[in-house]
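Numbering that gives the first Met the number 0 puts the last residue of the sequence shown at 157; the count rises by one with no breaks.
Note that beta-carbon positions come from the ideal geometry of N, C-alpha and C, so glycine has one too.
Since the model is a prediction, treat every value here as computed from it, not as a measurement.
One structure is given here, and the rest of the page talks about it.
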Amino acid sequence: MIKVNEVTRVDFSLGGEKSGIPTGRACLLNEDDGAIPVAIRYGHAHPHLCRDLNDYHAQILGAEGRWVQTWDPEGSDRVYKAPEGLGLVHVAWRIVPAREMPHGLTCMPLEVQGRFAWVIRSGLATPRLCDEMNEYLTRITGDGLWVQRWRGANPMDN
């Protein structure tokens with residue numbers, strides 16, 4: 000039975016071979032009930048980027064509750080299935096030149112209903128990491144595993 004969960008956390012951390020990241024991949028995203036831990040292989044992200052992504056997610060998800068998870072306890076591997084192409088919400092990581100970022104920021108979220116972009120300062124994430132995160136995000140948000148929740152709206156009725 001699918002239920003709507005408050006999202007408690009997204010946790011980005013850097014790791015090596017012991018973090019479970021498959022050979023040849025830059026990251027491994029797992030989905031838990033109310034959370035997503037993301038392991039990033041050393042060399043694919045700066046530690047300050049991980050720290051700031053965690054801080055932003057704590058605010059967006061925990062404090063503001065702008066996203067919810069449609070959780071199916073029988074489908075804990077659902078993140079690894081091919082996207083169905085529903086395109087419910089478009090979320091992506093984008094690398095931008097440092098001159099286009101406010102001074103001192105590693106990243107920043109840009110969100111409107113139906114779209115969300117993580118703008119990341121050049122040099123703090125590899126293009127490969129962004130490509131892999133975008134694959135995961137196409138599945139998670141595009142297919143409605145995680146949905147935006149706007150004030151006064153039904154979270155399943157984006």
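In the DSSP assignment, T137 falls within the unbroken alpha helix (DSSP H) covering 126 to 139.
If you look at L27, you'll find it in the beta strand (DSSP E) that goes 26 to 28. Between the beta-carbon of Y41 and that of V78 there is about 22 Å, and that puts the pair past the 8 Å contact cut. Straight across, the Cα-Cα distance linking E30 with L144 is about 10 Å. In this structure, P36 keeps its C-beta atom at 7 Å or more from the C-beta atom of D54.
Scanning its chain for C-beta atoms nearer than 8 Å, with the 5 sequence neighbours on each side dropped, one finds around A57 the residues R8, in chain order.
For R50, the uninterrupted alpha helix (DSSP H) segment begins and ends at 46 to 56.
Exposed is the label assigned to W149, since fewer than 16 other Cβ atoms lie within 10 Å of its Cβ. A81 sits in coil when the DSSP states are folded into three classes, being neither helix nor strand. Inter-residue distance for L13 and A25 is about 10 Å (C-alpha atoms, whole angstroms). Under the DSSP definition of a beta bridge, H43 lacks any partner.
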